[in-house]
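Okay, so here's the structure we're looking at.
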Amino acid sequence: MKSSKRRQWPLLVGACVLAACVVIVVGKSPLGAIATWSQQTDSPAALATPIPTPPPREAVSFRMLGFDRGWVKYVDGVMKTADGGDQWQDAIGADITAEEAGAALPADGPFNELLSLEAGLTGQQETPKPLTVTIGGATFPVKQSQFLTPRIGWALPASAKDSKSPLLATIDGGQTWVDGLTPDMKAAIQKEKDHLQQLKLESVLYTDQAAAKAIIGSKWKLVPETAAPGDVVLVRHDEPGTIQWLNKTYTLQPYGAGYFAYLPLSMSAKPGKYPIGDQTLTVRAKKFETQYLKVTAQMESMKQDTARIDADQKKIDQARSKSEPAFLFSGPFVKPIEGILTTPYGYTRYVNGKYDSAHMAVDLAAKEGTPIKATNDGVVALADSLYLTGNSIYIDHGMGLFSQYAHLSELRVKTGDRVKQGDIIGLVGTTGFSTGPHLHFTFWAHNVQVNPDLFWGTTPFRWVEPKG
Numbered sequence: 034m035k036s037s038k039r040r041q042w043p044l045l046v047g048a049c050v051l052a053a054c055v056v057i058v059v060g061k062s063p064l065g066a067i068a069t070w071s072q073q074t075d076s077p078a079a080l081a082t083p084i085p086t087p088p089p090r091e092a093v094s095f096r097m098l099g100f101d102r103g104w105v106k107y108v109d110g111v112m113k114t115a116d117g118g119d120q121w122q123d124a125i126g127a128d129i130t131a132e133e134a135g136a137a138l139p140a141d142g143p144f145n146e147l148l149s150l151e152a153g154l155t156g157q158q159e160t161p162k163p164l165t166v167t168i169g170g171a172t173f174p175v176k177q178s179q180f181l182t183p184r185i186g187w188a189l190p191a192s193a194k195d196s197k198s199p200l201l202a203t204i205d206g207g208q209t210w211v212d213g214l215t216p217d218m219k220a221a222i223q224k225e226k227d228h229l230q231q232l233k234l235e236s237v238l239y240t241d242q243a244a245a246k247a248i249i250g251s252k253w254k255l256v257p258e259t260a261a262p263g264d265v266v267l268v269r270h271d272e273p274g275t276i277q278w279l280n281k282t283y284t285l286q287p288y289g290a291g292y293f294a295y296l297p298l299s300m301s302a303k304p305g306k307y308p309i310g311d312q313t314l315t316v317r318a319k320k321f322e323t324q325y326l327k328v329t330a331q332m333e334s335m336k337q338d339t340a341r342i343d344a345d346q347k348k349i350d351q352a353r354s355k356s357e358p359a360f361l362f363s364g365p366f367v368k369p370i371e372g373i374l375t376t377p378y379g380y381t382r383y384v385n386g387k388y389d390s391a392h393m394a395v396d397l398a399a400k401e402g403t404p405i406k407a408t409n410d411g412v413v414a415l416a417d418s419l420y421l422t423g424n425s426i427y428i429d430h431g432m433g434l435f436s437q438y439a440h441l442s443e444l445r446v447k448t449g450d451r452v453k454q455g456d457i458i459g460l461v462g463t464t465g466f467s468t469g470p471h472l473h474f475t476f477w478a479h480n481v482q483v484n485p486d487l488f489w490g491t492t493p494f495r496w497v498e499p500k501g
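With the first letter of the sequence shown counted as 1, position 40 gets the number 73 in this note's numbering; the numbers rise by one all the way through.
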């Protein structure tokens, strides 16, 4: 028995060692590791905590400073735009000037003064003041709205979750809105900007705001409404087109916010009333004086050289055949010289007892060499030595209106030069068919000579007749 127990003792020790090894092996086995990972992943304490989504950034107020620039204020900062709200970027408070951050713009918009000039055509439009807007069938409230014109405006949603962009925009007075700017909206805004610029360009040409409104606000306007043979009338229409006048066709050219044409009244225009669009032009009778001149036989014979006269006329016709399609002046016309008026416009002239022509210009006598000023801004259409008129200049003032300067002793400009009102373009002389130093001056409207006296110290835009 004793020997049997001795033999069992080593077996028992071996079994314990084997059991310990199994425990160690199992603890390091993949199954053991998987069990441990499973237990860890099943534990609530081991699950990942999701990051909370921040609430939308809520805007407090906004202000558009024009069609492009504006800002939106938040509790924690400011964002600015320079393209009407298409793109926004963070700005600091110092980036907003005191003027920009001041009281909101007037409800009727900063451009309404210009748009009011057309009130006679479109009627006074009220600026929308929406409390809600609708996008894609959904309607929601707005905190604030601002219209720069009755058509173009922006709105700030009451809640940031209602839009992706800081502001909503409209180009039809609030009938439809978009979240951000579409290509169509950008094009419409640009068109509105251009229209306002054209209104501004035109409005400053009139005597005052009342005169501008009376003309721009009319479908048709004649300036003036009463004229005489030798005069010229400025016609404005709100649409392109043509006018039939004294057997000629005149095309209305775009300028500013309207379409214009000069209508010259030739000496053959008969008194009466003539319909022009929805207006009536009254032509009154006018009597012109008669002048008698005596010249040498040599001078009288100059008018017999028809070949040279015709050659010069071709130059003149070519020069006056093209005129810039814009009014090149903005200020009043000035007298080229302060000379002595020796022959007024329209005189019936007899030379050596024979009828010569109607003198469709003014002759201003002055000392030879007296500087001659450009009557207004324009382009020199012709500067050349001509047979009958001597050294001569024609200046294009746009829209078919030219000024003519003849018998100069010296030319100070050349064809193609741009001149400003008051520039010295030549000197008084007695070249060509001339009896003494003087300036022969006139205006041509569509190749018809018209009375210079209409222009001194004013412009056709200021020929509006006072009412009452």
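Quick reminder that beta carbons are idealized off the backbone N, C-alpha and C, glycines included. Remember, predicted model here, so these are calculated numbers, not experimental data.
Where DSSP assigns a beta bridge to serine 436, which residues make up the other side?
-> Beta-bridge pairing links serine 436 to Ile428 and Phe476.
Use the C-beta contact count for alanine 78: other C-beta atoms within 10 angstroms, 16 or more gives buried, fewer gives exposed.
-> For alanine 78, the pLDDT reaches just 49, beneath the cut-off of 50, and the residue's location in the model is therefore unreliable, although a value from the coordinates is still provided. Under this definition alanine 78 is an exposed residue.
For glycine 305: DSSP bridge partner residues = In the DSSP output, where bridge partners are listed per residue, glycine 305 has Val316.
Figure out for me which residue from Pro404, Gly411 and Leu397 has the closest Cα to the Cα of glycine 469.
-> That would be Leu397, whose Cα lies nearest to the Cα of glycine 469.
Where alanine 407 and leucine 148 are concerned, what is the direct C-alpha to C-alpha distance, given to the nearest angstrom?
-> Looking at the two C-alpha atoms, the distance is approximately 35 Å.
What residues are listed by DSSP as bridge partners for threonine 323?
-> DSSP lists Thr381 as partners of threonine 323.
Going along the chain, which residues of its own chain have a beta-carbon closer than 8 Å to the beta-carbon of threonine 491, five neighbours each way excluded?
-> If the five residues before and after threonine 491 are omitted, its C-beta is found closer than 8 Å to the C-beta atoms of Pro365 and Phe366, all from its own chain and listed in chain order.
Rounded to a whole number of angstroms, what is the C-alpha to C-alpha distance between glycine 117 and glutamine 231?
-> So the alpha carbons of these two residues sit roughly 20 Å apart.
Considering only residues of the same chain and omitting the five flanking positions on each side of aspartate 311, which have a CB-CB separation below 7 Å?
-> Short of 7 Å from the beta carbon of aspartate 311, and not among the five residues preceding or following it, lie these beta carbons of its own chain, in chain order: Lys252 and Trp253.
What are the boundary residues of the beta strand (DSSP E) that includes threonine 375?
-> 373 to 376 is the extent of the beta strand (DSSP E) around threonine 375.
Measure the alpha-carbon distance for aspartate 486 versus arginine 495 and round it to whole angstroms.
-> The alpha-carbon atoms of aspartate 486 and arginine 495 are separated by roughly 14 Å.
CB contact flag (glycine 465, leucine 419, <9 Å) | Yes, Cβ-Cβ distance for glycine 465 and leucine 419 is below 9 Å.
With a 10 Å radius around its C-beta and 16 neighbouring C-beta atoms as the bar for buried, classify glycine 379 as buried or exposed.
-> With 16 or more Cβ atoms within 10 Å of its Cβ, glycine 379 is classed as buried.
Just grab the DSSP bridge partners of glutamine 120 for me.
-> Answer is none; glutamine 120 lacks a bridge partner.
For valine 497, the residue or residues it bridges with in DSSP | Within the DSSP bridge table, the entry for valine 497 names no partner.
Counting Cβ pairs closer than 8 Å, one from the region 172 to 181 and one from the region 273 to 283, do we hit at least three?
-> At 8 Å Cβ cutoff, the stretches do not touch.
Please list, in chain order, all residues of the same chain as glutamine 482 whose beta carbon is under 6 Å from its beta carbon, the five residues on each side excluded.
-> Here the set comprises Met393 and Thr475.
Taking 8 Å as the threshold, find out whether the region 297 to 313 comes into contact with the region 261 to 272 through three or more Cβ pairs.
-> Because the criterion of three Cβ pairs below 8 Å is met, the region 297 to 313 and the region 261 to 272 touch.
Per the contact definition of three or more C-beta pairs closer than 8 Å, is the region 442 to 459 in contact with the region 198 to 208?
-> Judged by Cβ distances under 8 Å, the region 198 to 208 makes no contact with the region 442 to 459, as fewer than three pairs qualify.
Give the DSSP-derived three-state secondary structure of glutamine 72 in the structure shown.
-> For glutamine 72, the predicted model reports a pLDDT of 46, less than 50, meaning its position is unreliable and no value from the coordinates is stated.
Residues in its own chain within less than 6 Å of glutamine 242 by CB, not counting five upstream and five downstream?
-> Closer than 6 Å at the Cβ level, and outside the excluded window around glutamine 242, lies no residue.
Looking at the structure shown, is methionine 218 part of a helix, part of a strand, or coil, going by DSSP?
-> Methionine 218: helix per DSSP, three-state reduction.
Leaving aside the five residues before and after tyrosine 292 along the sequence, list all residues of the same chain whose C-beta is less than 6 Å from its C-beta, in chain order.
-> Within the same chain, and ignoring the five residues on either side of tyrosine 292 in sequence, the residues whose Cβ sits closer than 6 Å to its Cβ are His270, Pro273 and Leu285.
Straight-line Cα distance separating threonine 259 from lysine 320 = Straight-line spacing of the CA atoms in lysine 320 and threonine 259 works out to 16 Å.
Residues in its own chain within less than 6 Å of glutamate 322 by CB, not counting five upstream and five downstream?
-> Around glutamate 322: Tyr380.
CA-to-CA distance, leucine 361 to aspartate 417, given in whole angstroms | Pairing aspartate 417 with leucine 361, the inter-Cα distance amounts to about 22 Å.
Proximity winner among Val316, Leu298 and Arg90, relative to lysine 306 (alpha-carbon distances) | Nearest option by C-alpha distance: Val316.
Below 6 Å CB to CB, which residues in the same chain sit around tryptophan 187 once its five sequence neighbours on both sides are set aside?
-> Scanning its chain for C-beta atoms nearer than 6 Å, with the 5 sequence neighbours on each side dropped, one finds around tryptophan 187 the residues Met97, Gln179, Leu200 and Ala202, in chain order.
When Val461, Gln337, Gly213 and Gly103 are compared against glycine 372, the one with the closest alpha-carbon = When each option's Cα is compared against that of glycine 372, the closest is Val461.
Using the DSSP secondary-structure output, state which residues sit across from threonine 194 in a beta bridge.
-> The sequence as given places lysine at residue 194; threonine does not occur at that position. Lysine 194 has no beta-bridge partner at all, per DSSP.
Counting only the same chain and skipping the five closest in sequence on each side, list residues whose C-beta sits under 8 Å from that of glycine 449.
-> Correct list, in chain order: Val412 and Val413.
Classify leucine 164 as helix, strand or coil using the three-state DSSP reduction.
-> Leucine 164 falls in the coil class under three-state DSSP.
Might you give, ordered along the chain, the residues of its own chain that have their beta carbon closer than 8 Å to the beta carbon of methionine 31, omitting 5 neighbours on each side?
-> With the chain running from 34 to 501 in the structure shown, residue 31 is simply not present.
Using the Cα positions of isoleucine 168 and lysine 224, report the straight-line distance between them to the nearest angstrom.
-> Each residue's Cα considered, the two are about 24 Å apart.
Leaving aside the five residues before and after alanine 245 along the sequence, list all residues of the same chain whose C-beta is less than 6 Å from its C-beta, in chain order.
-> Annotation for alanine 245: Leu150, Ser236 and Tyr239 place their beta carbon closer than 6 Å to its own, counting only its chain and skipping 5 residues before and after.
Valine 166 versus Thr160, Pro404, Asp212 and Trp121, residue with shortest Cα-Cα distance | Selected option, being the one with the closest Cα: Asp212.
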